[in-house]
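Below is one structure; the comments refer to it alone.
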């Protein structure tokens, strides 16, 4: 892991400080590099070795404001972040006003999704949106299943 690649734009620094609650630049850098090292150990991926997971890709696209507007105007609008790595774009969209309950972020690596909670200092319960590990090309990932019973009965 090359720590010299760590460089946040002012927009990224503002976002990560707001999301993590870490205000000090050096503390934030240390925190990010600690999580990056764990992610690299788990995957040896280019996404973690060059800190690509910190980029705010979606919010820099010309269509971003339109996406946020759809989320505000249409209660059934869904934002899918496929191949989300740490879900940075999904979290940014939620922070910018897209309804978190309508965001689904998915990645092949469950480790990335778990480390996302460490990076952003959240838990599955406190995190906005839904993180779904799996292969989006596998029909079973989003298949409809029969509802579970509403009560759990003890067997004698």
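Residue numbers (my numbering): 8 to 163.
Ideal placement from N, C-alpha and C gives every residue a C-beta, glycine not left out.
Owing to the predicted nature of the structure, the values given are computational and were not obtained by experimental measurement.
Next on the checklist: Alpha carbons only, please: which of 150, 79, 63 and 109 is nearest the one belonging to residue 93?
Outcome noted: 63
Item to check | residue 107 - containing alpha helix (DSSP H), residue span | outcome: Where residue 107 is concerned, there is no enclosing alpha helix (DSSP H), given that its DSSP letter is neither H nor E.
Next on the checklist: Using only the alpha-carbon positions, how far apart do residue 73 and residue 111 sit?
Outcome noted: 18 Å
Checklist entry - Using the beta-carbon count (16 or more within 10 Å), is residue 70 buried or exposed? => result It is exposed - the Cβ of residue 70 has fewer than 16 other Cβ atoms within 10 Å.
Item to check | residue 88 versus residue 60 - alpha carbon distance | outcome: 13 Å
Checklist entry - Looking at the structure shown, is residue 138 part of a helix, part of a strand, or coil, going by DSSP? => result In the structure shown, the three-state DSSP call for residue 138 is strand.
Item to check | Whole-number beta carbon distance between residue 123 and residue 138, since they are thought to touch under 8 Å | outcome: At roughly 7 Å, the Cβ-Cβ gap stays under 8 Å, so residue 138 and residue 123 are in contact.
Checklist entry - In the DSSP assignment, what residue or residues form a beta bridge with residue 148? => result Partner(s): none; residue 148 has no beta bridge.
Checklist entry - residue 109: which of 67, 85 and 130 sits nearest, CA to CA? => result 85
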